[in-house]
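Quick note on this note's numbering: the sequence shown kicks off at 35 and runs consecutively.
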Amino acid sequence: MTRELFRDDATLEECAAAVSRVNDRGGIVLDQTVFYPTGGGQPGDSGVLVLEDGVEIAIATTVKDRETGEIVHVPAEGQEPPAPGAKVTARINMDLRRRRMRAHTAMHLMCALVPFPVTGGQVGDDGGRLDFAIDDPDAVNREDLTEKLNVMIARNHPVNIAYISEEELDANPEMVRTMSVKPPRGAGTIRVVEIGENGEIDRQPCGGTHVSATGEIGAVEVTKIEKKGRMNRRIRFRLV
Ligand SMILES: [Zn+2]
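Pasting the structure below:
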């Protein structure tokens with residue numbers, strides 16, 4: 035299986051890698067990668083694979099193969115696939131990834147400030163959205179939430195990755211904020227994101243990429259709170 039270097043260090047822009055195989059649709063599997071595959075509401079990374087002779091293969095996006103679980107680098111139209119065994123430098127579009135990391139981390143803070151179950155979410159390139167099951171239409175105010183988010187961001191809380199046992203998660207089911215997304219099981223440990231000392235701001239299972247302190251998010255603005263059905267509110271925000 036591909037070593038997922040982005041899990042423990044989301045700041046890595048590139049790594050050396052070897053091509054493990056090219057699947058029948060031209061998707062490229064590497065022995066290790068810094069490319070995050072689409073998942074958890076965060077889009078897959080784009081970037082380039084640079085061959086030893088300097089030839090660049092443009093990667094349009096990265097996905098996780100549903101059947102094999104492999105991380106597949108999807109080349110842009112018209113790219114010549116590399117030979118298995120070829121050595122490459124795998125380099126992501128860091129500017130885009132950094133914006134997604136900022137937006138994704140801001141969504142954790144929103145989770146901390148909006149005490150309702152999460153029903154969905156999507157990280158965008160300049161912001162994002164989170165859906166909540168909110169039964170009280172007056173529970174969330176746009177200006178108020180914007181202000182509280184920016185205060186939390188400015189306090190520059192540390193963002194850390196920790197691992198807990200499946201038993202610990204079973205004993206604390208309230209840690210799972212997104213009702214529809216269950217953390218992956220079977221590996222024995224669950225990856226947890228902790229914001230603030232000992233996760234005092236937010237602590238929940240998450241496989242995504244995050245900035246290392248909330249100050250890196252920069253200012254945000256809640257742009258819209260939409261009604262999505264009787265019980266659902268969609269909160270949109272942008273990176274300012
Ligand atoms: Zn996360």
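Note that CB positions come from ideal geometry on N, CA and C, so glycine has one too.
| Asked | Found |
| --- | --- |
| Nearest neighbour of Leu130, chosen from Phe69, Val152, Ala221 [CA to CA] | Phe69 |
| For Lys98: DSSP bridge partner residues | Ile105 |
| Own chain partners of Gly74 with C-beta closer than 8 Å, once the 5 adjacent residues on each side are dropped | Val215, Cys240, Gly241, Gly242 |
| Exercise answer, beta-carbon shell around ligand 1 heavy atoms below 6 Å | His138, His142, Val227, Cys240, Gly242, His244 |
| Cα-Cα separation, Val227 to Pro192 | 10 Å |
| Start-to-end residues for the alpha helix (DSSP H) that takes in Asn184 | 176–188 |
| Stretch pair the stretch 163–172 + the stretch 118–133: three plus CB contacts closer than 8 Å | no |
| C-beta atoms of Ala52 and Asp65 nearer than 7 Å | yes |
| Endpoints, alpha helix (DSSP H) assigned at Glu201 | 200–205 |
| Short CB-CB distance (under 7 Å) between Gly60 and chain D | Included in the structure is just one protein chain, with no chain D present. |
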